[in-house]
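Residue numbers (my numbering): 925 to 1144. Ideal Cβ positions, reconstructed from N, Cα and C, are used throughout, including at glycine.
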């Protein structure tokens, strides 16, 4: 794991001393290397195509902000809210979000590699046609998240609840759901062919799997 993924506190980051507070407006294709967004309230605005390298976001709120095609590398975010934002076609690498809320987000076509979500609430997020590699959802709630046609590789969900999640036409490779606290899919049960689940989870999923496969279950 990288420094951003492992750090529990801002001070634990190896680049903590380099962070500089950013109070100005967001700019299209802006350069936010080592920028620290702390207790910011940003409504609308655009950082489309911007770069966030070794940056930090703490206790901030972004509403309706356009981050489309932005790049997040070694980003560390904590206690922040993202509502109605566009994160479509963004690139994420070696980043961590802790205690954050993401709601009503468009993130289709995004690429996430070695990203950790911890204690996050992820509600109504569109990740259709996204690519997730070695992403960890730890102790999160994923509600009505759409992974339709997405590619998930080496993704894990320890302690997380999946509620009305969509997996239609998604491709799962080495996805481990054994640690998930609950699995409730709105569609895409057939996509689970590339996932590992526990025996207790199999019993819970059996009725939905039988329905998906057209299996009639009768004792007599």
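Contact set for residue i: own chain, Cβ-Cβ below 6 Å, skip 5 residues either direction
i	result
residue 1076	1056, 1096, 1099
residue 1111	1090, 1092
residue 1087	1067, 1108
residue 995	975, 1015
residue 1079	1056, 1059, 1099
residue 1041	1021, 1061, 1064
residue 1116	none
Between the CA atoms of residue j and residue i - distance to the nearest angstrom
i	j	result
residue 992	residue 967	15 Å
residue 946	residue 1044	24 Å
residue 1050	residue 935	32 Å
residue 1022	residue 1001	6 Å
residue 1038	residue 1144	50 Å
residue 960	residue 1011	19 Å
residue 954	residue 969	12 Å
residue 997	residue 1069	23 Å
residue 1106	residue 1017	27 Å
Coil, strand or helix - residue i by DSSP
i	result
residue 950	coil
residue 1002	strand
residue 1096	strand
residue 1014	coil
residue 936	helix
residue 989	coil
residue 1117	helix
residue 1086	strand
residue 1022	strand
residue 1007	strand
residue 1161	Past the edges of the chain, shown from 925 to 1144, lies residue 1161, and the structure says nothing about it.
residue 1077	strand
residue 971	coil
Beta-carbon contacts of residue i that lie in its chain and below 7 Å, excluding the five residues immediately before and after
i	result
residue 1028	1007, 1008, 1048
residue 1134	1141
residue 1013	992, 993, 1033, 1034
residue 1073	1052, 1053, 1093, 1094
Beta-carbon gap between residue i and residue j smaller than 8 Å
i	j	result
residue 1090	residue 1061	no
residue 989	residue 950	yes
residue 1104	residue 1084	yes
CB contact below 8 Å: residue i versus chain D
i	result
residue 1005	This model lacks chain D altogether; it includes just one protein chain.
Proximal residues to residue i (C-beta, below 8 Å), its chain only, five neighbours per side dropped
i	result
residue 958	939, 942, 943, 944, 977, 978, 979
residue 963	982, 983, 984
residue 956	946, 971, 974, 975, 976, 977, 979
In chain order, what are the residue ranges of uninterrupted alpha helix (DSSP H) at least 4 long that sit wholly in the region 1022-1056?
none
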